[in-house]
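Peer 1: These protein sequences, in sequence, are chains A and B. Heads up: the first sequence begins at 1 in our numbering, then just goes up one per residue. Heads up: the second sequence begins at 136 in our numbering, then just goes up one per residue. All residues carry an ideal CB built from backbone N, CA and C; glycine is no exception. Starting off with a structure, shown below.
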Amino acid sequence: MRSLILSIATRYLLPLLLLFSVFILIRGHNEPGGGFIGGLIAAAALILYGLAYTPAHARRVLRISPRVLLGVGLTVALGSGLISLAIGRPFMTGLWLEQSVPILGKLGTPVLFDIGVYLTVIGVALLILLTMAEE
Amino acid sequence: MFVVIFSGFLFAALAPALYRGLNRGTGWLLALLPAGYFAYFLNQMCVIADGGTVTAAYPWVPSLGVSFSFYLDGLSLLFALIVSGIGALVVIYAGGYLAGNPFLGRFYAIILLFMTAMLGLVLAGNLLTLFVFWELTSITSYLLIGFKHQYEASRAAAWQALLVTGAGGLALMAGLVLLGQAGDSYELAVLLERGDAVRSSALYLPALLLILAGAFTKSAQFPFYFWLPGAMQAPAPVSAYLHSATMVKAGIYLLTRLSPVLGGTPEWQYLVTLFGVVTMAFGAVLSLMQVDLKRILAFSTVSTLGALTLLVGLDTTLSLKAAMVLLLVHSLYKGALFLAAGNIEHESDTRDIRLLGGLIRYMPVTTAAVGLAAFSMAGFPPLLGFISKELLYEAKLQAPQAGPFVLAVGVLANVFLVAVAGVLSVRPLFRRKFEAPRTPHEAPPVMWFGPFVLAGLGLAAGLFPEPLADCVIGPAVSAARAQPTEVKLALWHGLNPVLALSIATVLCGVGLYLVRRRVRRLAERLSFLAAYGPERGYDLALHGLIELARWQTRGLQSGYLRMYLLTILATTVGLSLYTLLTRIDLAAFAAGLVTSLSSGETVYLHEVAVALVIMAGILAAVRSRSRLAAVAALGVVGYGMALLYIFFGAPDLAMTQFTIETLTVILLVLVLYRLPKFARLSGQTARIRDTVVALLAGGLMAALVLVVTSVPLRSALSPFFIENSVALAKGRNIVNVILVDFRGIDTMGEITVLGVAAIGVYALLRLKLSGEE
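Here you go:
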């Protein structure tokens with residue numbers, strides 16, 4: 001079942017939703033939001049695209065396999081914790097840059113960790129849902 | 136010393152690649168590593184002999200008091216020399232014994248890993264470090280016993296050894312932790328000073344029992360001995376190295392090491408002595424009953440381990456002196472015998488002593504090694520074995536308790552060992568007849584080098600015992616007694632009772648050797664007793680465990696999701712109710728409920744509306760005859776909950792709930808698409824049962840939440856987070872700050888679990904897809 005309205009709408013919604021998910025991810029530290037929610041929104045957007053067209057289309061838009069995304073996400077999260085270890089502080093000590101960056105705000109390892117969570121959540125959700133949708 | 140351990144692991148990792156590159160010469164090259172260690176430890180000897188210790192420490196988990204510390208004194212040195220010295224010979228030997236075996240590279244890797252672990256064990260200066268290495272030796276032993284993994288018997292023996300020593304290892308861990316508590320330190324150097332405090336502690340007895348369990352399983356004491364004869368499935372170099380010279384002595388090492396801390400009490404003396412005496416006699420008698428070359432050696436090893444335990448248990452300076460000498464001499468002669476047995480097996484394809492004969496003609500060098508080693512085992516002068524036996528008798532004569540009994544059993548065991556030495560040497564080497572499957576010839580030099588050196592060392596040490604006494608045995612005894620002790624060793628002690636006992640032992644042993652067949656026949660008539668032995672207990676325990684697992688799996692794992700849910704909910708309700716009824720004042724509970732319900736907080740219309748929508752959704756989901764409709768109804772419930780979160784000021788939670796709910800509905804739709812047509816499967820009774828459980832669970836949760844919220848929360852956490860969120864974590868969204876910073880490790884664990892779950896789902900789906908094709 002292919003709905004023309006949904007297909008056309010999704011084409012415009014997908015970039016907006018993805019952008020929104022990144023926005024949610026970044027604002028998370030100070031306002032409601034964060035990597036987990038952002039990741040779920042991004043996954044939902046891509047799933048929507050997959051339903052409107054086919055799961056294969058969604059994979060093509062994503063370009064990276066969900067499995068890779070999952071691995072990269074976990075590695076980024078772990079890596080953000082290891083940075084403090086490298087300078088002799090306990091594992092996962094939050095480290096922050098002195099200067100804050102325009103638009104993004106303060107940057108530090110917790111932000112990196114949140115990005116890891118974001119990627120992992122997208123990977124997990126899409127790995128399960130896209131595989132199921134393809135059955 | 137850190138370098139020693141590190142390089143050992145490094146070479147173990149490199150060994151397979153090295154073997155692929157070099158092939159034949161690998162053994163000689165790799166042997167340079169243990170030989171280098173041997174030289175290093177020899178070099179340390181001068182420091183140790185002067186009464187010094189070498190220590191080194193690296194912090195590991197400083198907050199728990201665990202450090203990667205090393206402690207080298209006379210006792211560690213004796214063991215380290217045995218481990219590295221015999222290690223070098225065994226690595227060389229394995230190159231010949233396993234030549235052509237496709238897994239030789241792997242063998243080198245594991246045996247070097249074992250050697251490193253064993254060195255770590257004897258050098259460890261921290262109880263927990265020691266334990267880690269202890270377990271590593273158990274694991275490498277498992278891998279080496281099962282080296283010929285294509286044979287069922289090898290795998291079973293490896294498994295048995297791992298289970299027995301592993302169970303002992305668990306007990307040991309508990310014991311070491313208790314000991315650490317009692318002495319308020321895990322550092323060996325500190326504990327050795329605090330013996331009195333430990334012995335008077337309430338934790339002393341449990342710690343002692345648990346540590347003894349660990350040591351006795353590892354050192355194959357009765358009734359745990361049975362894994363050791365089973366371990367003879369391993370290749371000969373493994374039997375020589377792990378199962379006679381080093382690993383099985385780890386228990387003895389531990390007992391000796393801790394004897395200044397734990398020893399000196401009646402409990403220690405009775406327990407350790409008793410187990411030692413029984414094992415010593417038992418092993419010696421059974422040894423004579425065997426006809427398999429390696430099993431004979433294994434049981435005589437059990438006997439010697441018993442004797443060592445007994446000596447440690449006697450707890451006198453003399454007995455520890457005897458123990459140290461026996462330890463060394465046993466490693467030398469038994470290592471030589473095992474390697475030589477490997478030669479004989481390798482060249483004649485049999486280990487049955489009834490078939491072997493006349494080996495002196497075919498394998499002169501191996502024969503010489505066997506002869507020397509067997510003489511040392513029987514305790515003939517001028518070998519080191521003679522000195523050892525004299526000391527053994529002397530120590531038993533002066534035993535503080537039950538001296539005559541201990542001495543009598545000791546003499547009996549040695550009589551049997553003399554006879555065993557005869558069985559090992561006389562007939563296989565000198566008999567005319569020869570029935571082995573293959574006519575042997577002398578093994579290549581790479582294979583007689585090891586046994587020859589070991590047997591030769593036994594002779595050399597017997598002839599010139601003074602340097603050995605001064606440099607190795609003396610410091611070892613000093614360390615074991617925790618006080619400087621002078622040790623003199625000599626072949627000739629003069630005409631005394633000990634010498635008379637020695638002569639009597641040899642005469643009786645020869646007599647026993649002559650009537651050994653009659654003894655063996657007698658034993659065969661008693662062999663039905665084996666059905667009641669400890670090994671039978673092991674089989675029963677294992678069988679029972681498997682049956683128990685099967686029974687409870689069948690009961691709990693029905694495979695139906697609804698049954699799982701029912702079990703989980705019913706258990707939760709049951710346990711909560713039980714706690715509620717037995718522990719909580721019910722009147723207060725009811726009062727709390729009333730306070731909560733009549734708190735007079737204004738309830739707004741939109742809140743009531745959402746609550747009604749949720750309840751309508753639930754009803755619709757339960758009553759619906761269409762799965763799709765039920766899913767949609769559940770979605771309504773979820774969104775309603777999210778709305779409530781928003782009303783009560785939890786936007787983060789609400790956002791998560793919204794997105795999760797959306798994805799869940801999509802997921803369910805995708806799954807439902809594949810399911811057969813809706814059907815009502817459960818009968819009336821099942822539905823009533825489910826309703827009762829559901830209502831109970833929901834009602835209980837609601838009541839609990841109401842009661843909990845009736846009491847003002849006085850959590851120290853919330854103010855902390857509110858105060859420190861911006862200051863410490865530079866974020867104003869406290870929920871997110873908790874997730875990514877304060878409790879970041881939790882989140883790390885959660886996303887890992889998510890990832891693993893996703894991979895599991897993916898694997899299941901893919902498996903099914905490819906199965907269909």
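#1: Determine the extent of the alpha helix (DSSP H) in which residue 76 (chain A) is found, giving its start and end residues.
#2: Please go through the same chain and pick out, in chain order, the residues whose beta-carbon is closer than 7 Å to the beta-carbon of residue 211 (chain B), but skip the five residues on each side of it.
#3: Which residues of the segment 33-65 of chain A have a Cβ closer than 8 Å to any Cβ of chain B? Give them in chain order.
#4: Just to confirm, is the Cβ distance from residue 283 (chain B) to residue 367 (chain B) under 9 Å?
#5: Is residue 894 (chain B) close to chain A? Criterion is C-beta to C-beta, closer than 9 Å.
#6: Are there three or more Cβ pairs, one per stretch, closer than 8 Å when the segment 70-82 of chain A is compared with the segment 842-850 of chain B?
#7: From residue 559 (chain B) to residue 590 (chain B), what does the alpha carbon distance come to, in whole angstroms?
#8: For residue 411 (chain B), would you say it is in contact with chain A, using Cβ-to-Cβ distances shorter than 9 Å as the test?
#9: Using the Cβ count rule (16 or more neighbours within 10 Å means buried), how would you classify residue 111 (chain A)?
#10: Using a Cβ-Cβ cut-off of 6 Å (strictly less than) and excluding sequence neighbours within five positions of residue 762 (chain B), which residues of its own chain qualify?
#11: Using the rule of at least 16 other Cβ atoms within 10 Å of the residue's Cβ for burial, across every protein chain shown, is residue 183 (chain B) buried or exposed?
#12: List, in chain order, every chain B residue whose beta-carbon is nearer than 8 Å to that of residue 131 (chain A).
#13: Which residues mark the beginning and the end of the beta strand (DSSP E) in which residue 190 (chain B) is found?
#14: Can you say whether residue 535 (chain B) is buried or exposed, counting buried as having 16 or more other CB atoms within 10 angstroms of its CB?
#15: Could you name the residues that DSSP lists as bridge partners for residue 105 (chain A)?
#16: Check the Cβ of residue 98 (chain A) against every Cβ in chain B and list those closer than 9 Å, keeping chain order.
#17: Please identify the residue among B:460, B:464, B:357 and B:730 whose C-alpha is closest to the C-alpha of residue 847 (chain B).
#18: Under 9 Å between beta-carbons, which chain B residues line up against residue 87 (chain A)? List them in chain order, please.
#19: Please confirm whether residue 863 (chain B) has its beta-carbon closer than 9 Å to some beta-carbon of chain A.
#20: What are the residues of the segment 2-13 of chain A that lie near chain B, defined by any Cβ-Cβ distance shorter than 7 Å?
#21: Of the residues that make up the segment 781-799 of chain B, which ones have a beta carbon closer than 7 Å to any beta carbon in chain A?
#22: Does residue 883 (chain B) get closer than 9 Å to chain A when you measure Cβ to Cβ?
#23: For chain B, is any of its Cβ atoms less than 9 Å away from the one on residue 81 (chain A)?
#24: To the nearest angstrom, how far is it from the Cα of residue 361 (chain B) to the Cα of residue 680 (chain B)?
#25: So what's residue 808 (chain B) in DSSP terms, helix, strand or just coil?
#26: In three-state terms, what does DSSP make of residue 135 (chain A)?
#27: Give me the chain A residues within the contact set of residue 806 (chain B), using Cβ-Cβ distance strictly less than 8 Å, ordered along the chain.
#28: Would you call the segment 507-525 of chain B and the segment 606-614 of chain B in contact, with 3 or more CB pairs under 8 Å?
#29: Assuming residue 207 (chain B) is part of the beta strand (DSSP E), what are its boundary residues?
#30: How many whole angstroms separate the CB atoms of residue 788 (chain B) and residue 780 (chain B), which I take to be in contact at a CB cut-off of 8 Å?
#31: Please confirm whether residue 967 (chain B) and residue 396 (chain B) have their CB atoms less than 9 Å apart.
#32: To the nearest angstrom, how far is the alpha carbon of residue 344 (chain B) from that of residue 488 (chain B)?
#33: How should residue 667 (chain B) be labelled, buried or exposed, when 16 other C-beta atoms within 10 angstroms of its C-beta is the threshold for buried?
#34: Any beta-carbon of chain B closer than 9 Å to the one on residue 124 (chain A)?
#35: Look at the alpha carbon of residue 542 (chain B) and the alpha carbon of residue 408 (chain B), and state the distance between them as a whole number of angstroms.
#36: How far does the alpha helix (DSSP H) with residue 910 (chain B) in it reach, from first residue to last?
Peer 2: By the coordinates alone:
#1: Mapped onto the first sequence, residue 76 (chain A) falls at position 76. Taken as a continuous stretch (DSSP letters only), the alpha helix (DSSP H) holding residue 76 (chain A) covers 66-86.
#2: Here residue 211 (chain B) corresponds to residue number 76 of the second sequence, with the count starting at 1. Closer than 7 Å at Cβ, skipping near neighbours: 257 and 258.
#3: 33, 34, 35, 36, 37, 40, 41, 43, 44, 47 and 51
#4: Walking along the second sequence from the start, residue 283 (chain B) turns up at place 148. Walking along the second sequence from the start, residue 367 (chain B) turns up at place 232. Taking 9 Å as the Cβ cut-off, residue 283 (chain B) and residue 367 (chain B) do not qualify as a contacting pair.
#5: For the purposes of this step, residue 894 (chain B) is identified with residue 759 of the second sequence, where counting begins at 1. It does; some Cβ of chain A falls within 9 Å.
#6: no
#7: Numbered from its first residue, the second sequence carries residue 559 (chain B) at position 424. Numbered from its first residue, the second sequence carries residue 590 (chain B) at position 455. When rounded, the distance between both Cα atoms is 15 Å.
#8: Your numbering for residue 411 (chain B) matches position 276 in the second sequence. No, no contact with chain A.
#9: Along the first sequence, one-based indexing puts residue 111 (chain A) at 111. Its Cβ being crowded by 16 or more others within 10 Å, residue 111 (chain A) is buried.
#10: Stepping through the second sequence from its first residue, residue 762 (chain B) is reached at position 627. 807 and 813.
#11: Counted from its first residue, the second sequence places residue 183 (chain B) at position 48. Classification for residue 183 (chain B): buried.
#12: As a position in the first sequence, residue 131 (chain A) is number 131, starting the count at 1. 896, 897, 900 and 901, listed in chain order.
#13: Start at 1 with the first residue of the second sequence, and residue 190 (chain B) comes out as number 55. Looking at the DSSP string, the run of the beta strand (DSSP E) that includes residue 190 (chain B) is 189-196.
#14: Position 400 of the second sequence holds residue 535 (chain B). Exposed.
#15: Counted from its first residue, the first sequence places residue 105 (chain A) at position 105. In the DSSP output, where bridge partners are listed per residue, residue 105 (chain A) has A:101.
#16: Residue numbering aside, residue 98 (chain A) sits at position 98 when the first sequence is read from its first letter. Within 9 Å Cβ-Cβ: nothing; residue 98 (chain A) doesn't reach chain B, min ~11 Å.
#17: Along the second sequence, read from residue 1 onward, the residue named residue 847 (chain B) stands at position 712. Nearest of B:460, B:464, B:357 and B:730 to residue 847 (chain B), Cα basis: B:730.
#18: Start at 1 with the first residue of the first sequence, and residue 87 (chain A) comes out as number 87. Those within 9 Å of residue 87 (chain A) in chain B number zero; the least Cβ separation is about 17 Å.
#19: Residue numbering aside, residue 863 (chain B) sits at position 728 when the second sequence is read from its first letter. Closer than 9 Å to some Cβ of chain A, the Cβ of residue 863 (chain B) qualifies, so yes.
#20: none
#21: 786, 787, 790, 791, 794, 795, 797 and 798
#22: Here residue 883 (chain B) refers to the residue found at position 748 when the second sequence is read from its first residue. Chain A, which has a Cβ nearer than 9 Å to the Cβ of residue 883 (chain B), makes this yes.
#23: Translated into positions along the first sequence, residue 81 (chain A) becomes position 81. Chain B, which has a Cβ nearer than 9 Å to the Cβ of residue 81 (chain A), makes this yes.
#24: In the second sequence, counting from the first residue as 1, residue 361 (chain B) sits at position 226. In the second sequence, counting from the first residue as 1, residue 680 (chain B) sits at position 545. Approximately 19 Å between the Cα atoms of the pair.
#25: Counted from its first residue, the second sequence places residue 808 (chain B) at position 673. Looking at residue 808 (chain B) - three-state DSSP - the assignment turns out to be coil, as it is neither helix nor strand.
#26: Counted from its first residue, the first sequence places residue 135 (chain A) at position 135. DSSP places residue 135 (chain A) in coil when its eight states are reduced to three.
#27: Counting from one through the second sequence, the residue named residue 806 (chain B) turns up at place 671. Residues of chain A passing the Cβ test: 132.
#28: no
#29: One-based indexing of the second sequence puts residue 207 (chain B) at position 72. Where residue 207 (chain B) is concerned, the enclosing beta strand (DSSP E) stretches over 201-207.
#30: The residue you call residue 788 (chain B) lines up with position 653 of the second sequence. The residue you call residue 780 (chain B) lines up with position 645 of the second sequence. Yes, residue 788 (chain B) and residue 780 (chain B) are in contact; Cβ-Cβ is about 5 Å, under 8 Å.
#31: Outside the shown range of chain B (136 to 908) lies residue 967 (chain B), about which nothing can therefore be said.
#32: Residue mapping note: residue 344 (chain B) aligns to position 209 of the second sequence, counting from 1. Residue mapping note: residue 488 (chain B) aligns to position 353 of the second sequence, counting from 1. One C-alpha to the other measures close to 40 Å.
#33: Locating residue 667 (chain B) in the second sequence gives position 532, where the first residue counts as 1. Under this definition residue 667 (chain B) is an exposed residue.
#34: As a first step, residue 124 (chain A) must be located in the first sequence, where it is residue number 124. So, interface residue.
#35: Residue numbering aside, residue 542 (chain B) sits at position 407 when the second sequence is read from its first letter. Residue numbering aside, residue 408 (chain B) sits at position 273 when the second sequence is read from its first letter. Whole-angstrom Cα-Cα distance: 12 Å.
#36: Chain B is shown only over 136 to 908; residue 910 (chain B) falls outside these bounds and no answer can be derived.
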